[in-house]
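Peer 1: Its first residue numbered 13, the sequence shown is counted upward by one per residue in the working numbering.
Ideal Cβ placement from N, Cα and C applies to all residues, glycine included.
As the structure is a prediction and not an experimental result, all values here were calculated from the model.
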Amino acid sequence: MLGQGSDVPNLGHKVVNMTDVFEIIVEPSSRRRRSRAPLSDKQRAAALFRVWHGVRDMIEEAERLGDSELVHFLAISQLLVEERITTLTSGVPAFAIVDTSLPN
13 MLGQGSDVPN LGHKVVNMTD VFEIIVEPSS RRRRSRAPLS DKQRAAALFR VWHGVRDMIE
73 EAERLGDSEL VHFLAISQLL VEERITTLTS GVPAFAIVDT SLPN
């Protein structure tokens, strides 16, 4: 059995005309988002600590999967979160007292 006017057999697949286009229109919500008060340093440090735990869980999962590249990326992310927490809680930038001008 051949398709309509073509040499390609019809195997029960639906033939879709490439000119058919579906549009998805997303209209903005009429409700406005409630503006939030900025977090204090202590609240930001607590939120970052929760993020740190989430990243640690993802590292464990990546290790279980055996994806060393993902483990490395997540470990770098974890170090950046730790640096930010240290800066927020101590008031001193994390690497302020370390000589970073020289390579390893």
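Quick check on DSSP: helix, strand or coil for V38?
Peer 2: Along the sequence shown, one-based indexing puts residue 38 at 26. In this structure, V38 counts as coil in the three-state DSSP scheme.
Peer 1: M70 and L86 - do their beta-carbons sit closer together than 8 Å?
Peer 2: Counting from one through the sequence shown, the residue named residue 86 turns up at place 74. Counting from one through the sequence shown, the residue named residue 70 turns up at place 58. Contact flag set, yes.
Peer 1: Please confirm whether V63 and E75 have their CB atoms less than 8 Å apart.
Peer 2: Sequence index remark: in the sequence shown, residue 63 carries index 51 (1-based). Sequence index remark: in the sequence shown, residue 75 carries index 63 (1-based). Cβ atoms of V63 and E75: not closer than 8 Å.
Peer 1: Would DSSP call R76 helix, strand or coil?
Peer 2: Taking the first residue of the sequence shown as position 1, residue 76 is located at position 64. Looking at R76 - three-state DSSP - the assignment turns out to be helix.
Peer 1: Assign I88 to buried or exposed, taking buried as 16 or more other Cβ atoms, counted over all protein chains shown, within 10 Å of its Cβ.
Peer 2: Here the question's residue 88 lines up with position 76 in the sequence shown. Result: exposed.
Peer 1: Can the beta-carbon of R48 be found closer than 8 Å to that of L100?
Peer 2: Walking along the sequence shown from the start, residue 48 turns up at place 36. Walking along the sequence shown from the start, residue 100 turns up at place 88. No.
Peer 1: If you draw a straight line from the C-alpha of E73 to the C-alpha of F61, how long is it?
Peer 2: Counting from 1 along the sequence shown, the entry for residue 73 is found at position 61. Counting from 1 along the sequence shown, the entry for residue 61 is found at position 49. Going from the Cα of E73 to the Cα of F61 covers about 19 Å.
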